[in-house]
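Numbering (full-length UniProt numbering), first residue to last: 1 to 68. Where is the CB? At the ideal position from N, CA and C, for every residue including glycine. Please read these numbers as outputs of a predicted model, since none were measured by experiment.
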């Protein structure tokens with residue numbers, strides 16, 4: 001299961017491409033400026049896999065997941 005408190009977006013690197021909320025809409029959504037924010041929601045194996053895809057597909061490597 002994904003502990004969402006471990007997920008952060010490094011705003012110094014994020015360029016707002018939106019890949020994270022496209023690949024993992026249960027975890028990320030755009031704010032008013034189009035930059036991602038982490039949202040609350042149900043966690044399961046599918047969201048864990050989506051988080052990994054979003055992290056790996058971020059061109060700036062702005063999606064950070066801290067170790068548990």
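Counted within 10 angstroms of its Cβ, other Cβ atoms place residue 39 as buried (16 or more) or exposed: Your numbering for residue 39 matches position 39 in the chain shown. Exposed is the call here.
Three-state secondary structure (DSSP) of residue 29: Stepping through the chain shown from its first residue, residue 29 is reached at position 29. Reduced to three states, the DSSP call for residue 29 is strand.
Assigned exposure category for residue 62 - 16 Cβ within 10 Å defines buried: The sequence position of residue 62 within the chain shown is 62, counting from 1. By the neighbour-count rule (16 or more Cβ atoms within 10 Å), residue 62 is buried.
Cα-Cα separation between residue 24 and residue 33, rounded to whole angstroms: As a position in the chain shown, residue 24 is number 24, starting the count at 1. As a position in the chain shown, residue 33 is number 33, starting the count at 1. Going by the C-alpha atoms only, they are around 18 Å apart.
Start and end residues, alpha helix (DSSP H) containing residue 58: As a first step, residue 58 must be located in the chain shown, where it is residue number 58. Where residue 58 is concerned, there is no enclosing alpha helix (DSSP H), given that its DSSP letter is neither H nor E.
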